[in-house]
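Visitor:
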Amino acid sequence: MRKHLPAVVVSPQFLPSLFTAVNLMLAAVYCLVFFVTLDGLPDTVPLHYTNGVGFDRWGDKSELRFLGIFPGVLAVLNTIVSALLIRWKTNWLAYLSNGFMLFITLVMALVAALMLRGAM
989 MRKHLPAVVV SPQFLPSLFT AVNLMLAAVY CLVFFVTLDG LPDTVPLHYT
1039 NGVGFDRWGD KSELRFLGIF PGVLAVLNTI VSALLIRWKT NWLAYLSNGF
1089 MLFITLVMAL VAALMLRGAM
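Heads up: the sequence shown begins at 989 in my numbering, then just goes up one per residue.
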């Protein structure tokens, strides 16, 4: 006979809060990795990419700081909004807000990876 592992039971009321915490941690990790990587870049980095042309604008690496700050600011705002939505018992809106935040963080990570790859 096979022994089964005990099931992990998470209450439905806890899931939106867990999703919010995971989004906040992902954004924090993204910001940390971005700024650690940014310090090691050369002084001149690509700042704009056009499909078919490639990098068409170069500038100082300090101009990339917005790419690292934006997801963190959105994550903090999302945490506040999600906490209010959970308190108001509108979990579906909290899920929607967190899904949007996850999408923005992933898109910003892809954009940052493209810019950092072009700079190295």
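Beta carbons: idealized from backbone N, C-alpha and C, even for Gly.
(1) Could you compute how far the alpha carbon of L1029 sits from the alpha carbon of L1065?
(2) Return the CA-CA distance between G1060 and A1015, expressed in angstroms with no decimal places.
(3) Taking the alpha carbon of L1012 as the point to measure from, which residue in L1062, Y1037, E1051 and D1048 has its own alpha carbon closest?
(4) Looking only at its own chain, which residues have a Cβ that is under 8 Å from the Cβ of W1046, when we skip the five neighbours before and after it?
(5) Considering only the alpha carbon of each residue, which of A1071, L1094, V1024 and N1039 lies closest to S1050?
Guide: Based on what the coordinates show:
(1) Computed Cα separation, rounded: 29 Å.
(2) If you take the alpha carbons of G1060 and A1015, they lie about 5 Å apart.
(3) Out of L1062, Y1037, E1051 and D1048, L1062 has the C-alpha closest to the C-alpha of L1012.
(4) Excluding residues within five positions, the ones whose Cβ falls inside 8 Å are T1032, V1033, P1034 and L1035.
(5) When only C-alpha atoms are compared, the closest one is V1024.
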